[in-house]
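In UniProt numbering, the protein residues as written are 1 to 339.
Remarks on the structure that follows.
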């Protein structure tokens, strides 16, 4: 079987429009699903062990062998490994730091914190698409009962994010922003590539090794699955925004296989498939990696898992995305007279 030729970066746009040559000889998941739609309609919903086996089988079909590194260590089961598909037991109260939060907003790739500000000050961001999602998930009105967690690896935004966290906390809004921290499938440290041509608040900064991002720094990695399963209440209403510049294809399979993804009610995110057309992902020789199929797999599996309530929304709310706190000031902190 001949390998798929790599395409120079300069021809990326033309490659998008051209018919993509097949990367594997077998039918894609989408065509298989269409051919077996009648059978799938008659079948009972599969259990979590079935889904884990299917996910791993699909990973073998869609990805090259080198892509096995994308799976977290605890998720490298064989297709016959039995996984407990009963509801995840509640985290231990003494170690669950945020179990008191019954409404949770997770902002993975918070950048300069604009989405968190939309949650608490919607009147300052009229017309932003995220407002409808927040109203539907958390209700209209005061949001002091909603805990917001931001995750941002770019050190250029740390000071501004600390100001946002401190101000909202003093106003009674439960905000925690993990600066210089990227969500991942594991804990540890990683190289982070800064945007050498800062524009639109470093939207090009990423964990992925891009040819134009020469400036590097070290950031912390947080096991996102562990955070959701061990630090949040299993009864919490969780909304997650994910805009992590291509790393979603590493993290989402980890969230799915660990069971953490099914604890999230709504995921709204921006997909970055173009980054993988050039092999911009951990490891090399990734031309056969098919991000479109991975996205379809994740939606298919979550929709067919028993008790999985996750809803995907393809949305990238970048409205007001460049508004710093110097452009749109934070609310004033009123000092009581008795102090």
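Cβ atoms here follow ideal geometry from the backbone N, Cα and C, with glycine treated the same way.
Predicted model, so just to flag it, every value in this text is computed and none were measured.
Member of the options whose CA lies at the smallest distance from the CA of residue i
i, options, result
"residue 254", "161, 241 and 183", "183"
"residue 244", "109, 125 and 234", "109"
"residue 188", "155, 142 and 223", "223"
"residue 97", "155, 230, 331 and 154", "230"
"residue 334", "151, 101 and 171", "171"
"residue 121", "336, 328 and 179", "328"
"residue 218", "181, 225 and 246", "181"
"residue 242", "317, 95 and 157", "317"
"residue 186", "247, 101 and 140", "247"
"residue 261", "233, 308 and 154", "308"
"residue 326", "159, 315, 225 and 304", "159"
"residue 312", "169, 296, 323 and 123", "296"
"residue 305", "259, 338 and 331", "259"
"residue 322", "157, 141 and 138", "157"
"residue 330", "168, 239, 227 and 256", "168"
"residue 136", "235, 94, 239 and 232", "239"
"residue 91", "228, 115 and 142", "228"
"residue 324", "257, 115, 123 and 94", "115"
"residue 235", "263, 226 and 225", "263"
"residue 95", "336, 337, 226 and 338", "226"
Boundaries of the beta strand (DSSP E) in which residue i is found, first to last residue
i, result
"residue 98", "Where residue 98 is concerned, there is no enclosing beta strand (DSSP E), given that its DSSP letter is neither H nor E."
"residue 151", "146-152"
"residue 194", "Counting along the chain, residue 194 falls outside any beta strand (DSSP E), and DSSP gives it neither H nor E."
"residue 217", "216-223"
"residue 111", "Taken as a continuous stretch (DSSP letters only), residue 111 belongs to no beta strand (DSSP E), as it is neither H nor E."
"residue 311", "311-314"
CB contact flag (residue i, residue j, <8 Å)
i, j, result
"residue 252", "residue 221", "no"
"residue 302", "residue 265", "no"
"residue 107", "residue 149", "yes"
"residue 117", "residue 177", "no"
"residue 103", "residue 146", "yes"
"residue 113", "residue 161", "yes"
"residue 125", "residue 268", "no"
"residue 174", "residue 99", "no"
"residue 315", "residue 129", "yes"
"residue 111", "residue 166", "no"
"residue 194", "residue 179", "no"
First and last residue of the uninterrupted alpha helix (DSSP H) at residue i
i, result
"residue 248", "248-258"
"residue 404", "The chain is shown from 1 up to 339; residue 404 falls before or after that span and cannot be answered."
Backbone secondary structure at residue i - three-state DSSP
i, result
"residue 31", "For residue 31, the predicted structure reports a pLDDT of 45, less than 50, and the residue's modelled location is therefore unreliable. The matter cannot be settled from this model."
"residue 132", "helix"
"residue 229", "helix"
"residue 325", "coil"
"residue 104", "strand"
"residue 185", "coil"
"residue 333", "coil"
"residue 243", "coil"
"residue 268", "strand"
"residue 167", "helix"
"residue 179", "strand"
"residue 125", "coil"
"residue 345", "Any property of residue 345 remains undetermined from this structure, which presents the chain solely from 1 to 339."
"residue 48", "Residue placement at residue 48 cannot be trusted, given a pLDDT of 48 that sits under 50; what the coordinates show is reported in the next sentence. Three-state result, residue 48: helix."
"residue 319", "coil"
"residue 338", "coil"
Min CB distance residue i to chain D below 8 Å
i, result
"residue 245", "Looking for chain D here will not work: only one protein chain is present."
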